[in-house]
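Visitor: This is the structure, below, for whatever I ask next.
There are 2 protein chains.
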Amino acid sequence: MAREKNYVSEAVMRRMPKYYRYLTDMESNGIERISSKELSQRMGLTASQIRQDFNCFGGFGQQGYGYNVSELRQEIHNILGLTNDNNFIVIGAGNLGQALANYTGFEKEGFTVKALFDINPRLIGLSIRGIPVYDIDELETHIARNQVHMVAICTPKEKAQEIADKVIGCGIKAIWNFAAIDIATPPDVIVENVHLSDSLYTLSFRMNDL
Amino acid sequence: MAREKNYVSEAVMRRMPKYYRYLTDMESNGIERISSKELSQRMGLTASQIRQDFNCFGGFGQQGYGYNVSELRQEIHNILGLTNDNNFIVIGAGNLGQALANYTGFEKEGFTVKALFDINPRLIGLSIRGIPVYDIDELETHIARNQVHMVAICTPKEKAQEIADKVIGCGIKAIWNFAAIDIATPPDVIVENVHLSDSLYTLSFRMNDL
DNA sequence: TAGATTGTTAATCGATTAACAATC
DNA sequence: TAGATTGTTAATCGATTAACAATC
């Protein structure tokens, strides 16, 4: 069925990577077909919700059969935009920035860290897994001369907005923000936040209920 | 008003750390009082929602006045359980585990990394910012002999469930999971996930809409 | 074919927003 | 007091679940 992308709610969108994870896992375990019911049991969702979710993008299943795991995985692969190669740069070459650069897991889905940037002279000139650390002053030139699809911000929160403004000025449309602050952006720029302290406080909050 | 903790929805709970962030920021900028309306403008929520959220925990405001920033911040501090000291250990001393150990930002809210654990002999015996890296074989003994409130799992996904089972066996009730897998736990054990790849794929998904 | 399971519509549930009386 | 703003109830909206006809 044709892939028609209507409005997709935040809730549905957030479940897509999870489907992708489970389907990738099942495929590598040689599972060929799955019903919404069985998938619901594995994932802790309802079968109804799963069918509703997939039908936001068109029907991928077959009555009486269920879903072909490889096919469905491929569809979600496409939906998530993992067919594209995405270069990203990491701003802030501290521990977290270096951890992102060192992590190779994203590469097999086409996400490649091309460079890091920092203000610290002791970091500038280093190379992390072959990825160079440049002076932050070279940021704009670098973006202008290279294909950069995304920027990860791993600076202290005090610098995050300033950095964001700068890269947005360079035409960047997608920011992966690790700084503990909400970044203000124009409507055509996407920010995906990873607020580690929010996550930790949530864990702490729930510990109180035990 | 008395602090009565009824059922708090996931949605409300997820907003609490954000309130805490904004209130901390406002307090340090010397702002003394705030109305739900003004807070809503700063945070991009509705005033109604903010009042509903706070009233899950009892009323913290005053008609005609609004909310006292310091007081409200303190209330949320308590709600999040940040009055308690929480020791945690990090399992998996790779880049991400080391980044967590190196990050000092959690400490001022009472979260202290006490030890790291790994299987890699080249890492065992090291010390990260004074925090020792132990052999994973010492995990159970360490937990038995020390106060450990939380465990962060930063291992490859293949090892995560096994590690989780082990620490749950030692009585740990709170897991901060960074491995790209959903961990199965008994109902009295809390898992807070930080799935970086899910987050990245979400960003990629939304880039397709631009 | 009969059984299974989808795609999709309808019903329910929960979260957000609006409204307003209470009150500082 | 009059004005402002909360706490709270009622209305709306959206997301989840249930149901079932379509069909493989």
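Sequence order for the protein chains is A and B.
Heads up: the first sequence at position 175 corresponds to 175 in the working numbering, and the numbers run straight through without jumps.
With the second sequence counted from 1, adding 210 to any position gets you the working numbering.
Glycine included, C-beta positions come from ideal geometry on N, C-alpha and C.
It should be emphasised that the depicted structure is a prediction, and the values quoted were computed from it without experimental measurement.
Is the Cβ-Cβ distance between isoleucine 163 of chain A and threonine 155 of chain A less than 7 angstroms?
Guide: yes
Visitor: Name, in chain order, the residues that DSSP records as bridge partners for serine 127 of chain A.
Guide: In the DSSP output, where bridge partners are listed per residue, serine 127 of chain A has A:Pro132.
Visitor: Let's test the definition: count the other Cβ atoms within 10 Å of the Cβ of glutamate 242 of chain B and tell me whether it reaches 16, buried, or not, exposed.
Guide: exposed
Visitor: May I ask you to list, following chain order, the residues of the region 95-119 of chain A that have a beta carbon less than 7 angstroms from some beta carbon of chain B?
Guide: Only Asn95, Leu96, Gln98, Ala99, Asn102, Tyr103, Gly105, Phe106 and Phe111 from the region 95-119 of chain A bring a Cβ to less than 7 angstroms from some Cβ of chain B.
Visitor: Is the shortest distance between the beta-carbon of threonine 141 of chain A and the beta-carbons of chain B less than 7 angstroms?
Guide: no
Visitor: Return the CA-CA distance between aspartate 398 of chain B and aspartate 209 of chain A, expressed in angstroms with no decimal places.
Guide: 10 angstroms
Visitor: Can you find at least 3 beta carbon pairs, one from the region 131-142 of chain A and one from the region 335-355 of chain B, that sit closer than 8 angstroms?
Guide: no
Visitor: Anything in the region 152-181 of chain A with a Cβ closer than 7 angstroms to a Cβ of chain B? List those residues in chain order, please.
Guide: Lys173, Ala174, Trp176 and Ala180
Visitor: Measure from the C-beta of arginine 213 of chain B to each C-beta in chain A and report whether the shortest distance is under 7 angstroms.
Guide: Low local confidence applies: a pLDDT of 40 at arginine 213 of chain B is under 50, so the model's placement there is unreliable, with the coordinate-based value given in what follows. No - not a single Cβ of chain A is within 7 angstroms of the one on arginine 213 of chain B.
Visitor: Let me see if you follow: with CB-CB separation under 7 angstroms, is aspartate 408 of chain B close to chain A or not?
Guide: yes
Visitor: Under 9 angstroms Cβ-Cβ, which residues of chain A neighbour isoleucine 400 of chain B?
Guide: Leu203, Arg206, Met207, Asp209 and Leu210
Visitor: In chain order, what residues of the same chain have a beta carbon less than 6 angstroms from the beta carbon of tyrosine 229 of chain B, not counting five sequence neighbours either side?
Guide: Ile286
Visitor: Could you run through the region 71-87 of chain A and flag, in chain order, every residue whose CB is less than 8 angstroms away from some CB of chain B?
Guide: Ile79, Leu80, Gly81, Leu82, Asn84 and Asn86
Visitor: Taking Cβ positions, are isoleucine 289 of chain B and phenylalanine 264 of chain B nearer each other than 7 angstroms?
Guide: no
Visitor: In angstroms, rounded to a whole number, what distance separates the CA positions of asparagine 305 of chain B and leucine 96 of chain A?
Guide: 8 angstroms
Visitor: Quick one: list the residues of chain A neighbouring methionine 226 of chain B, beta-carbon separation under 8 angstroms, in chain order.
Guide: Tyr201, Thr202 and Phe205
Visitor: Applying the criterion that 16 or more other CB atoms from any shown protein chain within 10 Å of the CB defines a buried residue, is arginine 21 of chain A buried or exposed?
Guide: buried
Visitor: Whole angstroms is fine: what's the gap from proline 331 of chain B's alpha carbon to glycine 254 of chain B's?
Guide: 49 angstroms
Visitor: Residues in its own chain within less than 6 angstroms of alanine 47 of chain A by CB, not counting five upstream and five downstream?
Guide: Excluding its 5 nearest sequence neighbours in each direction, alanine 47 of chain A has C-beta neighbours in its own chain below 6 angstroms: Ser36, Lys37 and Ser40, listed in chain order.
Visitor: Can you find the residues in the same chain that come closer than 6 angstroms, C-beta to C-beta, to glycine 335 of chain B, ignoring five residues on each side of it along the sequence?
Guide: none
Visitor: Restricting to Cα atoms, I'd like to know which of B:Val279, B:Phe388, B:Arg416 and B:Glu319 is closest to valine 191 of chain A.
Guide: B:Arg416
Visitor: Less than 7 angstroms between the C-beta atoms of arginine 339 of chain B and asparagine 312 of chain B, yes or no?
Guide: yes
Visitor: Mind listing the chain A neighbours of methionine 236 of chain B? Cutoff is C-beta to C-beta under 7 angstroms, in chain order.
Guide: Those within 7 angstroms of methionine 236 of chain B in chain A number zero; the least Cβ separation is about 13 angstroms.
Visitor: Determine the burial state of asparagine 177 of chain A: buried for a count of at least 16 other Cβ atoms within 10 Å of its Cβ, exposed for fewer.
Guide: buried
Visitor: Given a limit of 7 angstroms on CB to CB distance, which residues of the region 229-259 of chain B reach chain A?
Guide: Tyr230 and Arg231
Visitor: How would you call asparagine 296 of chain B, buried or exposed, if buried means at least 16 neighbouring beta carbons within 10 angstroms?
Guide: With 16 or more other Cβ atoms from the protein chains shown falling within 10 Å of its own Cβ, asparagine 296 of chain B counts as buried.
Visitor: So the candidates are A:Ile34, A:Leu82, A:Gly81 and A:Asn84; which of them puts its Cα closest to the Cα of glutamine 62 of chain A?
Guide: Closest in C-alpha terms to glutamine 62 of chain A, from the list A:Ile34, A:Leu82, A:Gly81 and A:Asn84, comes A:Ile34.
Visitor: Using only CA atoms, which one of B:His359, B:Ala303 and B:Ile329 lies nearest to threonine 322 of chain B?
Guide: B:His359
Visitor: Under 7 angstroms between C-beta atoms, does valine 194 of chain A make it to chain B?
Guide: yes
Visitor: Within 10 angstroms of the Cβ of alanine 144 of chain A, are there 16 or more other Cβ atoms? Answer buried if so, exposed if not.
Guide: It is exposed - the Cβ of alanine 144 of chain A has fewer than 16 other Cβ atoms within 10 Å.
Visitor: Closest to isoleucine 301 of chain B by C-alpha separation, out of B:Asp392, B:Gln371, B:Val361 and B:Glu220, would be which residue?
Guide: B:Val361
Visitor: In chain order, what residues of the same chain lie with their CB nearer than 6 angstroms to the CB of leucine 123 of chain A, ignoring the 5 residues before and after it?
Guide: The residues Ala93 and Val133, in chain order, have a CB closer than 6 angstroms to that of leucine 123 of chain A in the same chain once the five nearest residues on each side in sequence are set aside.
Visitor: Could you name the residues that DSSP lists as bridge partners for glycine 94 of chain A?
Guide: According to DSSP, which records beta bridges pairwise, glycine 94 of chain A is partnered with nothing at all.
Visitor: Going by DSSP, name the residue or residues bridged to isoleucine 190 of chain A.
Guide: A:Ala174
Visitor: How far does the beta strand (DSSP E) with leucine 326 of chain B in it extend, from its first residue to its last?
Guide: 321-328
Visitor: Determine the extent of the alpha helix (DSSP H) in which valine 69 of chain A is found, giving its start and end residues.
Guide: 69-79
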